[in-house]
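The structure under discussion appears below in the form of structure tokens.
In the working numbering, the protein residues as written are 30 to 239.
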């Protein structure tokens, strides 16, 4: 959503985001994550849920180390699903646009993208999808349905970037949601796992492109 808003603003100014000297995500990600967290906090306030109830609590060093390591095979799983999709359906027609929006142009931009992933993307999206959505659906319909519905919504949101993202992100959401359950609803743990996942994905794509 943030990418769409920023893209439309640039279009109105006669600027093609593919011609920018930096990835559009450096602008759109803060906008996108701000929208997500504001909406989440408004709904949480309406429901009377505190940040602690949304899972923002301390996690042990051991748990944080484990989730950081698990992010690596999870990324390989996500990439494997994406490769499988391209083998079945052909190459992603939006790949150039997505790459232009996300790919850093130099090491400094890479550091900025990694920082955004760890500080904004992971915490904001996990607060929304695990801390609020999954928690809410689990309270209403049980753990299995809470995990499934939150993962579907997680995949659909990322499908706004490219339809090819829906299935792999859905699967990633299932794993993040399961880890969230296993850690006692600890959103801090899954926020780090999510941030590490995105950071490694961006860094790997960057170094493979140079």
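Each residue gets a CB set at the ideal place from its N, CA and C atoms; glycine is no exception. Since we're looking at a predicted model, the values are computed, not measured.
Excluding the 5 residues preceding and the 5 following residue i in the sequence, name in chain order all residues of the same chain whose CB lies nearer than 7 Å to its CB.
i: residue 197; result: 107, 110 and 111
i: residue 103; result: 201, 204 and 226
i: residue 214; result: 84 and 164
i: residue 101; result: 229
i: residue 143; result: 228, 231 and 232
i: residue 166; result: 174, 175, 178 and 179
Between the options, which has its C-alpha nearest residue i's C-alpha?
i: residue 156; options: 206, 52 and 92; result: 206
i: residue 83; options: 90, 49 and 153; result: 153
i: residue 238; options: 66, 78 and 133; result: 133
i: residue 96; options: 120, 236, 228 and 222; result: 222
i: residue 146; options: 50, 49 and 229; result: 229
i: residue 52; options: 126, 89 and 75; result: 126
i: residue 185; options: 170, 171 and 158; result: 158
i: residue 210; options: 168, 181, 189 and 190; result: 168
i: residue 61; options: 71, 149, 180 and 89; result: 149
i: residue 191; options: 114, 143 and 142; result: 114
i: residue 49; options: 63, 141, 129 and 180; result: 129
Within a Cβ cutoff of 6 Å, which residues of the same chain sit near residue i, ignoring the five residues on either side of it in sequence?
i: residue 234; result: none
i: residue 131; result: 52 and 54
i: residue 160; result: 83, 84 and 216
Classify residue i: buried if its beta carbon has 16 or more other beta carbons within 10 angstroms, exposed otherwise.
i: residue 224; result: buried
i: residue 231; result: buried
i: residue 33; result: Bear in mind that a pLDDT of 47 at residue 33, under 50, signals an unreliable position, so the model cannot answer this.
i: residue 116; result: exposed
i: residue 68; result: exposed
i: residue 151; result: buried
i: residue 75; result: exposed
i: residue 195; result: buried
i: residue 118; result: exposed
i: residue 162; result: buried
i: residue 243; result: As displayed, the chain neither begins before 30 nor continues past 239, which places residue 243 out of reach and without an answer.
i: residue 170; result: exposed
i: residue 79; result: exposed
i: residue 73; result: buried
Who are the near neighbours of residue i in its chain, counting only those whose CB is closer than 8 Å to its CB and skipping five residues on each side?
i: residue 38; result: Below a pLDDT of 50, predicted positions are generally treated as unreliable, and residue 38, at 47, falls in that range; the measurement from the model is reported next regardless. So the list is empty, once near-sequence residues are dropped.
i: residue 87; result: 217
i: residue 187; result: 194, 195 and 198
i: residue 172; result: 210
Return the Cβ separation of residue i and residue j in integer angstroms, given the expectation that the two are a contact with Cβ distance under 8 Å.
i: residue 121; j: residue 193; result: 5 Å
i: residue 218; j: residue 208; result: 7 Å
i: residue 212; j: residue 65; result: Contact doesn't hold; Cβ gap of about 21 Å is too wide.
Taking 6 Å as the cut-off, does the CB of residue i come closer than this to any heavy atom belonging to the ligand NAD?
i: residue 84; result: Among the components of this structure there are no ligands whatsoever, and the ligand NAD is therefore not found.
Query raised in the report: Are the region 133 to 140 and the region 57 to 68 touching, with three or more C-beta to C-beta distances below 8 Å?
Result: Output reads no: the region 57 to 68 does not touch the region 133 to 140.
Query - Inter-stretch contact (C-beta, 8 Å, three-pair minimum) for the region 176 to 185 and the region 79 to 94 - result: No: fewer than three Cβ pairs fall under 8 Å.
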